[in-house]
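These notes concern the structure reproduced below.
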Amino acid sequence: MKLSQSKFLHGILIGTAVLSYSLVINQAIAKTNPIKKDTVRFINEDEVKTLNPYFNTGDQAINISQNIFTGLVTADENGKKIPGIAKSWGVSKNGKTYTFHLRNNLKWSDGTSYNAHDIVESFLYALDPKTASTNVPPLLAPVKGATAYNSNKGSRSAVGIKAVNPHTVQITLIQPTAYFLSSLENSQMVPLPLKVMKKYGKSWMRTHFVGNGPYKVAEFKYLNHLKLVRNKYFYDQKGITINNVFFYPVANRDTALNMMITGKADIMQRFASNQISLINKHIPKFLNSGPIMAIYQYVFNTTRPPFNNKDVRLAISMVINRKIITNKILKTGETPAYNLIPSKTENYLPGAKSYWAKLSYAGRIKEAKRLLAKAGYTAKHPLQFTLSYNTTSDNAHIAVAARSMMMAKHLPVKMKIATAEWKSHIENIDKGNFDMARIGQGGYNDPFAILRLFVSEKHHFINHSRYSNKKYDDLIIKANKLTDFKKRAKLLQQAEQIILDDSPSAVLYFFASKDLSNPNLSGYVVNPPEDHPIRFMHWK
Numbered sequence: 003m004k005l006s007q008s009k010f011l012h013g014i015l016i017g018t019a020v021l022s023y024s025l026v027i028n029q030a031i032a033k034t035n036p037i038k039k040d041t042v043r044f045i046n047e048d049e050v051k052t053l054n055p056y057f058n059t060g061d062q063a064i065n066i067s068q069n070i071f072t073g074l075v076t077a078d079e080n081g082k083k084i085p086g087i088a089k090s091w092g093v094s095k096n097g098k099t100y101t102f103h104l105r106n107n108l109k110w111s112d113g114t115s116y117n118a119h120d121i122v123e124s125f126l127y128a129l130d131p132k133t134a135s136t137n138v139p140p141l142l143a144p145v146k147g148a149t150a151y152n153s154n155k156g157s158r159s160a161v162g163i164k165a166v167n168p169h170t171v172q173i174t175l176i177q178p179t180a181y182f183l184s185s186l187e188n189s190q191m192v193p194l195p196l197k198v199m200k201k202y203g204k205s206w207m208r209t210h211f212v213g214n215g216p217y218k219v220a221e222f223k224y225l226n227h228l229k230l231v232r233n234k235y236f237y238d239q240k241g242i243t244i245n246n247v248f249f250y251p252v253a254n255r256d257t258a259l260n261m262m263i264t265g266k267a268d269i270m271q272r273f274a275s276n277q278i279s280l281i282n283k284h285i286p287k288f289l290n291s292g293p294i295m296a297i298y299q300y301v302f303n304t305t306r307p308p309f310n311n312k313d314v315r316l317a318i319s320m321v322i323n324r325k326i327i328t329n330k331i332l333k334t335g336e337t338p339a340y341n342l343i344p345s346k347t348e349n350y351l352p353g354a355k356s357y358w359a360k361l362s363y364a365g366r367i368k369e370a371k372r373l374l375a376k377a378g379y380t381a382k383h384p385l386q387f388t389l390s391y392n393t394t395s396d397n398a399h400i401a402v403a404a405r406s407m408m409m410a411k412h413l414p415v416k417m418k419i420a421t422a423e424w425k426s427h428i429e430n431i432d433k434g435n436f437d438m439a440r441i442g443q444g445g446y447n448d449p450f451a452i453l454r455l456f457v458s459e460k461h462h463f464i465n466h467s468r469y470s471n472k473k474y475d476d477l478i479i480k481a482n483k484l485t486d487f488k489k490r491a492k493l494l495q496q497a498e499q500i501i502l503d504d505s506p507s508a509v510l511y512f513f514a515s516k517d518l519s520n521p522n523l524s525g526y527v528v529n530p531p532e533d534h535p536i537r538f539m540h541w542k
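Residue numbers for the sequence shown follow this note's numbering, so the first one is 3 and each next one is one higher.
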């Protein structure tokens, strides 16, 4: 049965009307939930895979990690770089050596002290190939000897991370790397309590948690809630008024919005786009919106048919009408994407664009049919593949719309849809068990936060598409050696164009924040890297 775009959108409107009635009823019978001035209740969209920042993935985990761990460098409520456990730092004239001066009397949340040696040991532990960390090695790739050690081709002692003394950490890079300091803001670039981990094994995060952030784990009830309490040993207690934090793993957006409307939660991220009318009706002052450093993409598995063929990838990408998705389905500030990098990203030079972006939509359909025919796909021999996505209403609406667009234009395509909860979805992507998969990507405020996704896996970056192009790799490596940001931006622009021409992923739009926060809660600020440390929040 063919589903037209108009029927699809009509279905969304009906669903919204039913939801509106349900929420009004729920609001009427809900008990009063008075605000507690020392508590914040955060709806976290889904259960996290793990609390260990060396292995966790997704914004759900980052929301927690940035509150229970702190690295050498961290971010404030505006997403701006500020000193973390390092009170200051310096960079050598050749741009290769960073020296971090630690704060005095640093302590874990159990009151025991830690110093430069513990920080160095943590990073070396993350790089140890036996640890198999998926997050830290890519971020430490610029460090001298790090990749060699991580890939069993070098020694631990050759890694350029040293403790000069108990109060000083020195990191030596292979070459000047423009984005390195920004990458240290990442909530995964933190020290871990290795002694506690060794003593209690894998259960340490649930039963004997120790961290170094402004909060510590007090309760972890799977699929119910995670409770954090204030860490009295955190180095900076000034201005902290929130003593308790609850994270609720609520994947259902209807349930989550109901919790916000009825006063059972204070913060909700990523409301469903079809909920905007209810938000404007019931809690309009809760709405937080603004551009963020993130893209919504369908990544192709370039290592197996049919998407090992560039023409097929380009064809599928260009037939997805991005304006329909942003203007008719989402309607909450997202921008159609015809390139990779959001325009307001720091150190970025706009200009790269998909060649087909200048065509009308009818022209794109004609070009897509030509490319598919070139690849051998016809009505008698249609292209068949599965689109996988993690379960949210927006993802479902976009996937159905994408399929409807292909059907409406009579393309020789049979697209199936598969959905899974986030944990299973990301595991399938990590294992390469997909044809085309939905995934978002953001990060620190630099073009490389997106461009690193397409660097060959041998360089230890997070490459979901398993794409490899030596010319691209060489441009990225050359660009990141430069300390002249204008020259670097030109090279990165060339690298971006290569990706647009090869299309290892279809970037559909640039995200806008779709967050809700109680207007009486100060310090929840929309910012490009989406950093929301709770220690800077307080009730008015």
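Glycine residues also receive a C-beta, built at the ideal position from the N, C-alpha and C atoms.
Computed from a prediction, not measured in an experiment: that's the story for all the values here.
Other residues of its chain near residue i: CB distance less than 7 Å, five sequence neighbours each side excluded
i	result
K483	Q177 and P178
M262	M270, I285, F288 and L518
K98	T174, L175, Q177 and P178
A377	N311, D313 and V314
V335	A quick correction: the sequence has Gly, not Val, at residue 335. Contacts found: S291 and A514.
D48	Q62, P251, A253, E423 and W424
P308	V314, L385 and F387
Where residue i falls, given that 16 or more other Cβ within 10 Å makes a residue buried
i	result
Q29	A caution first: Q29 carries a pLDDT of 42, below 50, which makes its placement in the model unreliable, though a value can still be read off. Label assigned to Q29: exposed.
H412	exposed
Q62	buried
R366	buried
I84	exposed
S185	buried
S115	exposed
E221	exposed
A375	exposed
T209	exposed
N226	exposed
N529	buried
D533	buried
R306	exposed
Q239	exposed
A258	buried
P140	buried
S319	buried
N522	exposed
D486	exposed
N137	buried
D432	exposed
G113	exposed
H119	exposed
Nearest-angstrom beta carbon gap, residue j and residue i [assumed within contact, 8 Å]
i	j	result
N290	S519	6 Å
Y151	L129	5 Å
Y446	E187	6 Å
L104	T170	7 Å
N69	G215	6 Å
S189	S67	4 Å
K325	P338	5 Å
S111	K218	4 Å
N276	S395	7 Å
Cβ shell of residue i (< 8 Å), same chain only, five flanking positions each side left out
i	result
L453	L342, I343, I478, L494, A497, E498 and I501
N54	L194 and M207
P531	A77, G81, E187, I294, M295, G444, G445, Y446 and N447
Own chain partners of residue i with C-beta closer than 6 Å, once the 5 adjacent residues on each side are dropped
i	result
I428	T59
G147	G156, A160, V161 and G162
N430	F436
W206	V198 and M199
E79	G525, V527 and F538
L21	For L21, the pLDDT reaches just 43, beneath the cut-off of 50, and the residue's location in the model is therefore unreliable, although a value from the coordinates is still provided. If we look at L21 and ignore the five residues flanking it on each side, its Cβ neighbours are D256.
S356	Y340 and L502
G353	Q495
Y237	R105
A401	L389, Y391 and I419
Y379	L385 and P414
V26	With a pLDDT of 42 at V26, under the threshold of 50, the modelled position of this residue cannot be trusted; read the value that follows with caution. So the list is empty, once near-sequence residues are dropped.
>> So, does the region 455-474 touch the region 486-504, judging by three or more C-beta pairs under 8 Å?
In response: Contact holds: three or more Cβ-Cβ distances are below 8 Å.
> Counting only runs that start and end within the region 284-355, where is the beta strand (DSSP E) found for 3 or more residues in a row?
Replying inline: Runs found: 293-302.
>> Pairs of beta-carbons, one from the region 121-136 and one from the region 152-161, closer than 8 Å: are there three or more?
In response: At 8 Å Cβ cutoff, the stretches touch.
> Mind pulling the alpha helix (DSSP H) runs of 4 or more residues that sit fully within the region 461-496?
Replying inline: Counting whole runs of 4 or more residues, the region 461-496 contains the alpha helix (DSSP H) stretches 472-481.
>> Check whether the region 240-254 and the region 40-57 are in contact - that is, three or more C-beta pairs closer than 8 Å.
In response: In the pairwise beta carbon analysis, the region 240-254 is classified as touching the region 40-57: at least three pairs are separated by under 8 Å.
> Would you call the region 463-470 and the region 508-517 in contact, with 3 or more CB pairs under 8 Å?
Replying inline: The region 508-517 and the region 463-470 do not touch, with fewer than three beta-carbon pairs separated by less than 8 Å.
> If you scan the region 217-289 from start to end, which runs of the beta strand (DSSP E) of 3 or more residues do you find wholly inside it?
Replying inline: Every unbroken stretch of the beta strand (DSSP E) spanning 3 or more residues and falling wholly within the region 217-289 is given here in chain order: 217-223, 227-232 and 246-250.
> Considering only residues of the region 56-130, which uninterrupted alpha helix (DSSP H) runs meet the minimum length of 4 residues and lie entirely inside it, listed in chain order?
Replying inline: Every alpha helix (DSSP H) of 4 residues or more that sits fully in the region 56-130 is shown, in chain order, as 61-70 and 118-129.
> Going along the chain, which unbroken runs of the beta strand (DSSP E) with 3 or more residues stay wholly within the region 140-203?
Replying inline: DSSP runs (the beta strand (DSSP E)) wholly in the region 140-203: 163-167 and 170-174.
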